[in-house]
Amino acid sequence: DERYEVWRTNPYAESADELRDRVKGVSAKPFMETQPTMDALHCDIGNATEFYKLFQDEIGEIHLRTAAPPPTREERRCWRATLDKQLRKKLKLKPVMRMNGNYARRLMTREAIEAVCELAPSDERRQALRELMEL
1 DERYEVWRTN PYAESADELR DRVKGVSAKP FMETQPTMDA LHCDIGNATE FYKLFQDEIG
61 EIHLRTAAPP PTREERRCWR ATLDKQLRKK LKLKPVMRMN GNYARRLMTR EAIEAVCELA
121 PSDERRQALR ELMEL
């Protein structure tokens, strides 16, 4: 749809309102999309998704399994359940099917790290997690 292209690229460098008038009916698409860069929210969501995976790996102490076969689905599921349970208990954070902004924001907090650190067996890994979070 060419109106959508106009909306996305904003060829005349108009303000949001002018642009909206030009492409009546497309404005359901957030104005953010006029910037092709990845917006902050999606960065957060991306980061949080990675952290969520990383937390599960920490619970499963994946770094110790260099030679061992990769973890089975069951094991991974178990780690995720452990993580979800802990986050629910400590942060009242319910598990979500898809990462979203609110979940991402809460997952990237110091409380979340502390909650995960309680599950991480070794001290140096906890330290590493905390440092990672400081970045």
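Residues in the sequence shown are numbered from 1 upward in steps of one, following my numbering. No residue lacks a Cβ here, since even glycine has one placed at the ideal position from N, Cα and C.
Proximity of residue i and residue j at Cβ, strictly below 8 Å
| i | j | result |
| --- | --- | --- |
| residue 120 | residue 129 | yes |
| residue 49 | residue 108 | no |
| residue 58 | residue 86 | no |
| residue 112 | residue 91 | yes |
| residue 56 | residue 73 | no |
| residue 44 | residue 105 | yes |
Alpha helix (DSSP H) segment containing residue i, residue limits
| i | result |
| --- | --- |
| residue 65 | Run containing residue 65: none; DSSP gives neither H nor E here. |
| residue 82 | 73-91 |
| residue 133 | 123-134 |
| residue 120 | That residue, residue 120, is in no alpha helix (DSSP H); it is neither H nor E in DSSP. |
| residue 102 | 101-107 |
Residue from the options whose Cα sits closest to the Cα of residue i
| i | options | result |
| --- | --- | --- |
| residue 133 | 61, 51, 46 and 20 | 51 |
| residue 47 | 103, 94 and 111 | 103 |
| residue 125 | 2, 15 and 54 | 54 |
| residue 110 | 101, 9 and 127 | 127 |
Rounded straight-line distance, which links the Cα of residue j to that of residue i
| i | j | result |
| --- | --- | --- |
| residue 82 | residue 41 | 27 Å |
| residue 93 | residue 61 | 23 Å |
| residue 131 | residue 95 | 25 Å |
| residue 6 | residue 15 | 13 Å |
| residue 2 | residue 13 | 16 Å |
| residue 88 | residue 78 | 15 Å |
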